[in-house]
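Everything on this sheet refers to the single structure shown next.
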DNA sequence: TACTTAACTGAACATGCGTTCATAATAAAA
DNA sequence: TTTTATTATGAACGCATGTTCAGTTAAGTA
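Laid out in structure tokens, this is it:
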């Protein structure tokens, strides 16, 4: 039996990705079985192999899609204005992009070690590309005297780690609204690199 | 065959913990089998159950020991001096304690979801206790006007996330020495909460 | 020397794993 | 209506899993 009612790979494919995303984020890649994912989709395990060559590729696709979305979105942000304005824009963009993607972000940091060496290198390169966006801003600001950053690379890693931390404790309907949180983080970022 | 030469549980016990620490940190809790751990220790899988009631407890013990060490070490740090001095002491303590414990720190953040609900609650409470150390410093500084912290809880989470990030990229024999890195991070921390 | 006991082996248990494949069923094309 | 391509099933493959336990070895005690 197959293709009951309008069903199609256009429907099942995304369902597989969504189920893998949710389950891997919750239990971890190694702890989630293909049968669990299949059950969440509503098919047998064998059917998953119409949509992915193997479990490893399923993980890689999740992470690659996330990084591609991130880079594409960042790419079409306004890059003009003062260095300070650019830093604020990066900060707010990072928060607004990552917060609604809790599962993707979580997986992208937790499951790096479960990628094959080849796949790891690809993801790592994309991450590095994104970090360069912030690094350039800090370097420009340091050069023109807007910022005082003893070490640009360290500051980049430190700020991104700080911003990423938000994802681990933020909850909708929490004590503070997104706008307030965003402003508080921007305040911390701004001052940490101030002259 | 048992107790070949001076062998004893006083020797094998710590070996089990060390093997579990290394392997779980490298591959993840779910991906490491009791047989792998046993092989690293040099015994059969069954022998591990002389030292832990089950796999879950093995993970929990690793995390609890780490958190206990952290709290004990922090407890005997000097708590006197100005608020600024206390913040600097926390920052440098955190870096110096965590950096040489890469495996423990990694596990303590990555494997929280693999703890049973009971065990999770216990670890979470210890983490919260540690965070309170920083939170108190920030609150005191805010009250006396040394710091300008719009939201003490958020600043606490943000600063700890920033400091923890160091563990993910630091390598011995890297570009910068530990002292330099420590000072750079202290600079970021100090300014981020400055008035 | 004989005895006790801590420490470990090695096999077994039921269960689950990722993946493959012959087969079936259906939707779309002819 | 017949044909074709797509999408799924369900059983099977060999192998690994956490855990238990009766039996074995050797160190420590008397």
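Chains as they are written, first to last, in our numbering: chain A, 4 to 198; chain B, 4 to 198.
For every residue, glycine included, the Cβ atom is placed at its ideal position computed from N, Cα and C.
- Distances from the alpha-carbon of residue 65 (chain B) to those of B:175, B:111, B:121 put B:111 closest.
- Membership of residue 178 (chain A) in any alpha helix (DSSP H) is not indicated, and neither H nor E is assigned to it by DSSP.
- The beta carbon of residue 194 (chain A) sits closer than 7 Å to some beta carbon of chain B.
- The DSSP-derived three-state label of residue 32 (chain B) is coil.
- In the structure shown, residue 197 (chain B) falls within a strand segment according to DSSP collapsed to helix, strand and coil.
- When only Cα atoms are considered, residue 43 (chain A) and residue 170 (chain B) end up about 36 Å apart.
- Neighbours of residue 69 (chain B) in chain A, taken as residues at a C-beta separation under 8 Å, are lacking, since the least C-beta distance is about 18 Å.
- Per DSSP, residue 82 (chain B) lies in no alpha helix (DSSP H) segment and is marked neither H nor E.
- The beta carbon of residue 188 (chain A) lies closer than 8 Å to those of 94, 98, 165, 166, 169 in the same chain, with the five residues before and after it left out.
- Contacts with chain A (Cβ-Cβ distance below 9 Å) from the region 108-123 of chain B involve 112, 113, 114, 116, 117, listed in chain order.
- Contact with chain A is found for residue 172 (chain B), since one of that chain's Cβ atoms lies less than 7 Å from the residue's Cβ.
- Distances from the CA of residue 85 (chain A) to each of A:24, A:18, A:142, A:172 were compared; the closest alpha carbon is that of A:142.
- Listed in chain order, the positions of the region 32-43 of chain B with a beta carbon within less than 9 Å of a beta carbon of chain A are 32, 33, 34, 35.
- If only uninterrupted alpha helix (DSSP H) runs of at least 4 residues are considered, those enclosed by the region 109-195 of chain A are 120-147, 155-172, 181-195.
- Residue-level contact check: residue 129 (chain A) does not touch chain B, since none of the beta carbons of chain B fall below 7 Å from its beta carbon.
- In this structure residue 196 (chain A) touches residue 151 (chain A) by the C-beta definition: roughly 7 Å separates them, less than 8 Å.
- In this structure residue 133 (chain A) does not touch residue 172 (chain A) by the C-beta definition: roughly 22 Å separates them, more than the 8 Å allowed.
- Neighbours of residue 30 (chain B) in chain A, taken as residues whose beta carbon is under 9 Å from its own, are 33, 116, 117 in chain order.
- For residue 167 (chain B), the chain A residues whose Cβ falls inside 9 Å of its Cβ are 164, 168, in order along the chain.
- DSSP places residue 72 (chain B) in the helix class (H, G or I) of the three-state scheme.
- For the region 173-190 of chain A, the set of residues with a beta-carbon nearer than 9 Å to any beta-carbon of chain B comprises 178, 179, 183, 184, 186, 187, 188, 190, in chain order.
- For residue 158 (chain A), the chain B residues whose C-beta falls within less than 7 Å of its own C-beta are 191, listed in chain order.
- Legend: CB atoms of the region 124-155 of chain A lying less than 7 Å from CB atoms of chain B belong to residues 153, 154.
- In the displayed model, residue 44 (chain B) falls within a helix according to three-state DSSP.
- Around the beta-carbon of residue 52 (chain A), fewer than 16 other beta-carbon atoms lie within 10 Å, marking it exposed.
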